[in-house]
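So the protein sequences, as listed, match chains A and B. Quick note: our numbering has the first sequence finishing at residue 151, numbered continuously throughout. Quick note: our numbering has the second sequence finishing at residue 1440, numbered continuously throughout. Backbone N, C-alpha and C fix where the C-beta goes; we use that ideal spot for every residue, glycine too. Model, not experiment: these values are computed from the prediction.
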Amino acid sequence: AQSVTQLGSHVSVSEGALVLLRCNYSSSVPPYLFWYVQYPNQGLQLLLKYTTGATLVKGINGFEAEFKKSETSFHLTKPSAHMSDAAEYFCAVSEGGSTLGRLYFGRGTQLTVWP
Amino acid sequence: NAGVMQNPRHLVRRRGQEARLRCSPMKGHSHVYWYRQLPEEGLKFMVYLQKENIIDESGMPKERFSAEFPKEGPSILRIQQVVRGDSAAYFCASSPEKVLYFGPGTRLTVL
Chain A
37 AQSVTQLGSH VSVSEGALVL LRCNYSSSVP PYLFWYVQYP NQGLQLLLKY
87 TTGATLVKGI NGFEAEFKKS ETSFHLTKPS AHMSDAAEYF CAVSEGGSTL
137 GRLYFGRGTQ LTVWP
Chain B
1330 NAGVMQNPRH LVRRRGQEAR LRCSPMKGHS HVYWYRQLPE EGLKFMVYLQ
1380 KENIIDESGM PKERFSAEFP KEGPSILRIQ QVVRGDSAAY FCASSPEKVL
1430 YFGPGTRLTV L
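Printed below as a string of structure tokens:
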């Protein structure tokens, strides 16, 4: 069975500081991994995804994540936070294949960016 | 190319009434997924449909909830005899392959 754990329901950083949002997963098969961002009262927007290939994945808005199989992790980072990054971030995993659309989401991490 | 569309965006119902949530997938997408987001929780899978077929409904509550995706028209998530615990944001997503595109959601409030 698949599951996702996001460490830290709230993360606060200063503008310009490094953003690190943690995600660990469990999966019985090679996983497909995703990060989504949700702004208030909006739907989820895909930030980046890992399916196969290069383990360092670059996404939109300067975010990137690295798939580390040995650590079962897929942490999201951004070198320099911007005020517009304040939102809720969700990590998700799927088995891929015919069950690709069945995502298992973490509980989310609310990112606050201080000026 | 319009994104996934959901309506209404906000829906208020009294206990015992019916709620109908609509989802129009992105053009060319024939796979639709419904997810529910309870307060301070991540999204939970409910059902996966293709045109005229329910592929996976393992996440749907056993009673009062149903979903359809007819040959013509939007996908409908129907909740009969709503209760306060049904208050949540309901998201629809569509997919061509390898990634889901989510709609803006319908926020259901049950009084």
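Which stretch, first to last residue, makes up the beta strand (DSSP E) that contains Lys1356(B)?
Looking at the DSSP string, Lys1356(B) is not in any beta strand (DSSP E), and its letter there is neither H nor E.
Identify the continuous beta strand (DSSP E) that holds Phe110(A) and give its terminal residues.
Run containing Phe110(A): Ser109 to Lys114, per the beta strand (DSSP E) assignment.
For chain A, check one thing: does any of its Cβ atoms lie closer than 7 Å to the Cβ of Gly1419(B)?
A quick correction: the sequence has Tyr, not Gly, at residue 1419(B). Answer no: the Cβ-Cβ gap between Tyr1419(B) and chain A never drops below 7 Å.
Would Lys105(A) pass as an interface residue toward chain B - the criterion being a Cβ-Cβ separation below 7 Å?
Judged by the 7 Å Cβ criterion, Lys105(A) is not in contact with chain B.
Determine the direct distance from the alpha carbon of Pro1433(B) to that of Pro1337(B), and round the result to whole angstroms.
For Pro1337(B) and Pro1433(B), the distance between alpha carbons rounds to 10 Å.
Look up Ser120(A) in the DSSP assignment and say whether it is helix, strand or coil.
Three-state DSSP puts Ser120(A) in a helix.
Compute the Euclidean distance between the alpha carbons of Gln74(A) and Phe110(A), then round it to the nearest angstrom.
Roughly 18 Å between the two C-alpha positions.
Check whether chain B comes within 7 Å of Thr143(A), counting only Cβ atoms and requiring the distance to be less than that.
The question names Thr, but residue 143(A) is Arg in the sequence shown. By this cut-off, Arg143(A) is an interface position.
Within 8 Å, do at least three Cβ pairs link the stretch 1332-1346 of chain B to the stretch 96-116 of chain A?
No: the two stretches stay apart, fewer than three of their Cβ pairs being nearer than 8 Å.
Only counting runs of 3 or more residues, tell me where the beta strand (DSSP E) segments fall wholly within the stretch 1349-1423 of chain B, in order along the chain.
Here the runs fully enclosed are 1360-1366, 1372-1379, 1382-1385, 1394-1397 and 1404-1408.
Can you tell me whether DSSP reads Ser106(A) as helix, strand or coil?
Looking at Ser106(A) - three-state DSSP - the assignment turns out to be helix.
For the beta strand (DSSP E) containing Val149(A), name the first residue and the last one.
Segment Thr145 to Trp150, the beta strand (DSSP E) holding Val149(A).
CA-CA distance, Trp71(A) and Leu82(A)?
Cα to Cα, Trp71(A) sits roughly 6 Å from Leu82(A).
Out of Leu1437(B), Leu1440(B) and Ala1422(B), point me to the one whose CA is closest to His1360(B)'s CA.
Answer by Cα proximity: Ala1422(B).
Just tell me which of His1358(B), Gly1332(B) and Gln1335(B) has its CA closest to the CA of Gly137(A).
The option with the nearest alpha carbon to Gly137(A) is His1358(B).
Is it buried or exposed for Ala1418(B), if we count other Cβ within 10 angstroms and need 16 for buried?
So Ala1418(B) ends up on the buried side.
State yes or no: is the C-beta of Ser39(A) within less than 7 Å of the C-beta of Ser64(A)?
Contact: no.
Helix, strand or coil for Asn97(A) per DSSP?
In the structure shown, Asn97(A) sits in a helix (DSSP, three-state: H, G or I).
Going by DSSP, what residues sit across from Asn77(A) in a beta bridge?
According to DSSP, which records beta bridges pairwise, Asn77(A) is partnered with nothing at all.
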